[in-house]
Amino acid sequence: MTDVTQNSGPDTRFELLVSFWKHFRTNKGAVAGLIFFLMLVGIALGAAFIAPHSPIVQYRDALLLPPAWQEGGNWSYVLGTDAVGRDLLSRMIYGSQFSLFIGVVVVSVALVSGVCLGLVAGTFGGWIDTIIMRIMDVILAFPSLLLALVLVAVLGPSLLNAMIAIAIVQQPYYVRLTRASVMSEMSREYVMAARVSGVGTLRLMFVTVLPNCMAPLIVQAALSFSTAILDAAALGFLGMGAQPPQPEWGTMLAEAREFILRAPWVVTFPGVAILSTVLAINLIGDGLRDALDPKLKRS
Amino acid sequence: MLRLILKKLGLLIPTFIGVTLTSFFFIRLLPGDPVLLLAGERGVSPERYQDLMMQFGYDKPIWQQYLSYLANLVQGDLGTSIVTKQPVLQEFMTLFPATVELGFCAILFAILVGLPAGIIAAVRRGKTLDHTVMTTALAGYSMPIFWWGLLLIILFSGILGWTPVSGRISVLYWIEPVTGFLLIDTLLSDEPGAFTSAVSHLILPTIVLGTIPLAVIARQTRSAMLEVLDEDYVRTARAKGLSNFRVVGIHALRNALIPVITIIGLQIGVLFGGAILTETIFSWPGIGKWMVDSIFRRDYPVVQGGLLMIAAIVMLVNLVVDLMYGLVNPKIRHTE
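Going down the list, the sequences are from chains E and G. Each residue of the first sequence is one higher than the one before, starting from 1484 at the first, in our numbering. Each residue of the second sequence is one higher than the one before, starting from 541 at the first, in our numbering.
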């Protein structure tokens, strides 16, 4: 690793990446989280090859089968089956696709729209800034899960609408972060230099200033990735997210609710999956924060 | 101080207007005819439709409708539930104490466990205990609480049989609502065992709702403590030969508390979100369950009114936290 740094010479971006990785590597929890996350990505991408069964085929002769290691279990359904005879392991494997997809879509939508609004508010100031920030205040005045729930009620319950709703309630954090860093960057000399040399406003916003605001945004993206998965699972649990028979983990929990005392395994495994995924991403987020900016504190 | 209060209140006004606009347009954004949605009726005759239209003021221009909506709000009229035909505000007031009781217990639980946990982690910085506490806290922060609730029900209600599965109190008791807080009302009533029943119903929901605030408080306490433990006055206190307990528990903690109190205040909004899930799992008859049920019953006037009330309460609590922050921190009070 060190050899590479010495040889790379003027390539400062690469050097930055290496020094970031050196910091990140020292945080054992973050590395463990990263390994788990990469495994999950692998499982999600290879779901069709790994999963022993289809996630939605109902095996009517194997209803509510316990996991293989328990009495009455069957090794062809390793984690058992649910109330309509679907293989739990296969549903869990396919469920990882949903969670990662939700995380990626929500973060991308919230990040892109939030950064654009934040850049506009921070660059132009004045009444544009006031309007944007007041609207964000209104979104933040509602508890996020409640607002997401009501938005889904307006849009109609589906996975897509749940993702849109969650992206809307997360966007204000990106707007605030971007605006704050843009405003502090705007008074710096390099921005003045760029202005004097005649750089256009759009180029100033996206090329000159934005790259210098990235550190807090990356950390926020990691944290909101995990929040998005949690909120989507919560909406699924309330019947307002992914709809059955989609094997989304929160939706699986909702279907399993009435069997909690008879068949605890149908409740246990999807929850473990949500918890460990969210925990892994939060560990990565903590590591990112420490590596990118030691001064940033978790609120 | 008065200027600070007025300034903060002034900042809240545009947000509050935005909140009223949101709840006003909520009904109009729903798919379907708003008049029929508000009346909760389908397939009405044209005459009846005209009546309803007049009744809800839909024949007037939209800005007049909004103004009369605001005028109704000021008089405490949040509309009428389609399902129960009760005024929304009255329903809210009946159910609100249950949520407050649960939320208060949850925050208390979070403080009683989270604060000591954070202090211990800070004092034992870098040691195994610190790592254990902080990993547990992060797991708590990552917890899907709807699953956590189901898990606790399986363990404590299913396997051990220690706690009831749902509700606020055993159906055997009828408690006259005096304050609306069952813990107090059961003590006031002379029913033997009623208080115990209320407590046993409250334990699991409290743990579930308190888990995320607990994790946040523990993490915040640790980082605030670490910051002050390096300060000169802590070193001075140690040099004076004060006991470790006195240094940590009094000199350091008192100064670390300000950010922790702020974080606790900011958890109120989070609590409402958590209450939606917790109350649904435990069939707790509070605001959260009421909102979810109303969304499913398409009782939109209730959703509209509840949304507004909850936002107003969260804003009010945040304002109070802000002001308290100014009260304990003279720097803020005087720069404003």
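A virtual CB, placed ideally from N, CA and C, is assigned to each residue, including glycine. Please read all numbers here as calculations on a predicted model, not as lab measurements.
At which residues does the alpha helix (DSSP H) containing E/C1599 begin and terminate? The residue given as residue 1599 of chain E occupies position 116 in the first sequence. That run of the alpha helix (DSSP H) goes 1571-1607.
Taking a contact to mean a Cβ-Cβ separation below 8 angstroms, would you say E/M1723 touches E/L1632 in this structure? Walking along the first sequence from the start, residue 1723 of chain E turns up at place 240. Walking along the first sequence from the start, residue 1632 of chain E turns up at place 149. Yes.
Does DSSP classify G/N612 as helix, strand or coil? As a first step, residue 612 of chain G is located in the second sequence; it is residue number 72 there, counting from the start. G/N612 falls in the helix class under three-state DSSP.
Let's test the definition: count the other Cβ atoms within 10 Å of the Cβ of G/Y609 and tell me whether it reaches 16, buried, or not, exposed. Residue 609 of chain G sits at position 69 when you count from the first residue of the second sequence. Label assigned to G/Y609: buried.
Could you tell me how far apart the beta carbons of E/M1697 and E/P1655 are, in whole angstroms, since I believe they sit closer than 8 angstroms? Taking the first residue of the first sequence as position 1, residue 1697 of chain E is located at position 214. Taking the first residue of the first sequence as position 1, residue 1655 of chain E is located at position 172. Contact doesn't hold; Cβ gap of about 19 angstroms is too wide.
Nearest chain G C-beta to E/L1555 closer than 8 angstroms, yes or no? Within the first sequence, numbered from 1, the residue matching residue 1555 of chain E stands at position 72. Reading off the sequence shown, one finds Gly at residue 1555 of chain E, where the question assumed Leu. No, because no Cβ of chain G sits closer than 8 angstroms to the Cβ of E/G1555.
Taking DSSP's pairing of strands, which residues face G/T620 in a bridge? Within the second sequence, residue 620 of chain G is the residue found at index 80, counting from 1. For G/T620, which the question treats as bridged, DSSP gives the partners G/P627.
Less than 8 angstroms separating the beta-carbons of E/L1775 and E/I1701? Here residue 1775 of chain E refers to the residue found at position 292 of the first sequence. Here residue 1701 of chain E refers to the residue found at position 218 of the first sequence. The answer is yes: Cβ separation under 8 angstroms.
Establish whether the CB of G/L727 and some CB of chain E are separated by less than 8 angstroms. Within the second sequence, residue 727 of chain G is the residue found at index 187, counting from 1. Cβ-Cβ to chain E under 8 angstroms: no for G/L727.
For E/N1510, name the three-state secondary structure that DSSP assigns. Reading the first sequence from its first residue, position 27 is the one you call residue 1510 of chain E. Looking at E/N1510 - three-state DSSP - the assignment turns out to be coil, as it is neither helix nor strand.
When Cβ atoms are compared, which residues of the region 684-701 of chain G fall closer than 7 angstroms to chain E? P684, F686, W687, L690, L691, I693, I694, G698
Contacting residues, own chain, Cβ-Cβ under 7 angstroms from G/I752 (five flanking each side not counted): Within the second sequence, numbered from 1, the residue matching residue 752 of chain G stands at position 212. Counting only Cβ-Cβ distances below 7 angstroms, and skipping sequence neighbours, we find G680, Y681, M683, I685, V810, G814.
Report yes if the CB atom of E/A1645 is closer than 8 angstroms to the CB atom of E/L1718, and no otherwise. Counted from its first residue, the first sequence places residue 1645 of chain E at position 162. Counted from its first residue, the first sequence places residue 1718 of chain E at position 235. Result yes, Cβ atoms of E/A1645 and E/L1718 sit closer than 8 angstroms.
With DSSP as the reference, identify every bridge partner of E/T1564, one or two as the case may be. The residue given as residue 1564 of chain E occupies position 81 in the first sequence. For E/T1564, which the question treats as bridged, DSSP gives the partners E/D1570.
Spatial neighbours of E/R1569 within its chain, please: C-beta separation below 6 angstroms, excluding the five flanking residues on both sides. Taking the first residue of the first sequence as 1, we reach residue 1569 of chain E at position 86. Correct list, in chain order: Q1541.
Residues of the region 1696-1711 of chain E with a CB closer than 7 angstroms to any CB of chain G: list them in chain order, please. S1709
Let me see if you follow: with CB-CB separation under 8 angstroms, is E/S1579 close to chain G or not? Start at 1 with the first residue of the first sequence, and residue 1579 of chain E comes out as number 96. Taking CB atoms only, E/S1579 has no neighbour in chain G less than 8 angstroms away.
Below 7 angstroms CB to CB, which residues in the same chain sit around E/A1783 once its five sequence neighbours on both sides are set aside? As shown, chain E starts at 1484 and ends at 1782. That puts residue 1783 of chain E outside it, with no answer to give.
According to the Cβ coordinates, are E/G1563 and G/L691 closer than 8 angstroms? Here residue 1563 of chain E refers to the residue found at position 80 of the first sequence. Here residue 691 of chain G refers to the residue found at position 151 of the second sequence. Not closer than 8 angstroms, so no.
Relative to the C-alpha of G/L648, which residue among G/K547, G/G619, G/E731, G/I747 is closest? As a first step, residue 648 of chain G is located in the second sequence; it is residue number 108 there, counting from the start. Cα-wise, what sits closest to G/L648 is G/I747.
Per-residue contacts from G/S682 into chain E (C-beta, under 7 angstroms): By 1-based counting over the second sequence, the position of residue 682 of chain G is 142. Those within 7 angstroms of G/S682 in chain E are S1709, L1758, V1761, L1762, N1765.
So what does E/N1557 bridge to, in DSSP terms? Counted from its first residue, the first sequence places residue 1557 of chain E at position 74. Paired residue(s): E/Y1560.
Along chain E, in chain order, which residues have C-beta atoms closer than 8 angstroms to that of G/A679? Reading the second sequence from its first residue, position 139 is the one you call residue 679 of chain G. Residues of chain E passing the Cβ test: L1758, L1762.
State yes or no: is the C-beta of G/V842 within less than 8 angstroms of the C-beta of G/S621? What you label residue 842 of chain G is simply residue 302 of the second sequence in a count that begins at 1. What you label residue 621 of chain G is simply residue 81 of the second sequence in a count that begins at 1. A contact, by the Cβ cut-off of 8 angstroms.
Tell me the DSSP secondary structure of E/R1745 in three-state form. Position 262 of the first sequence, counted from the start, is the residue given in the question as residue 1745 of chain E. Here E/R1745 sits in coil by DSSP.
So, using beta-carbon positions, are G/I715 and G/S729 closer together than 8 angstroms? Your numbering for residue 715 of chain G matches position 175 in the second sequence. Your numbering for residue 729 of chain G matches position 189 in the second sequence. A contact, by the Cβ cut-off of 8 angstroms.
Residue burial classification, G/Q807 (beta-carbon count within 10 angstroms, cutoff 16): Within the second sequence, residue 807 of chain G is the residue found at index 267, counting from 1. Result: buried.
Give the secondary structure of E/F1689 by DSSP, where H, G and I count as helix, E and B as strand, and everything else as coil. Within the first sequence, numbered from 1, the residue matching residue 1689 of chain E stands at position 206. DSSP, reduced to helix, strand and coil, places E/F1689 within a helical segment of the structure shown.
With a Cβ-Cβ cutoff of 8 angstroms, do E/Y1657 and E/G1601 count as a contact? What you label residue 1657 of chain E is simply residue 174 of the first sequence in a count that begins at 1. What you label residue 1601 of chain E is simply residue 118 of the first sequence in a count that begins at 1. Closer than 8 angstroms, so yes.
E/K1505 (DSSP reduced to helix, strand or coil): As a position in the first sequence, residue 1505 of chain E is number 22, starting the count at 1. Residue state, collapsed to three classes: helix.
When DSSP labels each residue in this structure, what does G/P825 get in the three-state scheme? Here residue 825 of chain G is taken as the residue at index 285 of the second sequence, counted from 1. G/P825 falls in the coil class under three-state DSSP.
Which of helix, strand or coil does DSSP assign to E/W1552? One-based indexing of the first sequence puts residue 1552 of chain E at position 69. Secondary structure of E/W1552 (DSSP, three-state): coil.
Applying a beta-carbon distance threshold of less than 7 angstroms, which residues of chain E neighbour G/V854? Start at 1 with the first residue of the second sequence, and residue 854 of chain G comes out as number 314. Per Cβ cutoff of 7 angstroms: A1624, P1626.
Inter-residue spacing [alpha-carbon to alpha-carbon] between E/Q1489 and E/G1770: Counting from 1 along the first sequence, the entry for residue 1489 of chain E is found at position 6. Counting from 1 along the first sequence, the entry for residue 1770 of chain E is found at position 287. Caution applies to E/Q1489, whose pLDDT of 45 falls short of 50 and renders its modelled position unreliable; the value that the coordinates give is listed next. In a straight line, the C-alpha of E/Q1489 is about 25 angstroms away from that of E/G1770.
Between G/E631 and G/I835, what straight-line distance do the alpha-carbon atoms span, to the nearest angstrom? In the second sequence, the residue the question calls residue 631 of chain G occupies position 91. In the second sequence, the residue the question calls residue 835 of chain G occupies position 295. Their Cα atoms are separated by approximately 15 angstroms.
Let me see if you follow: with CB-CB separation under 8 angstroms, is G/P704 close to chain E or not? For this step, residue 704 of chain G is matched to residue 164 along the second sequence. So, not an interface residue.
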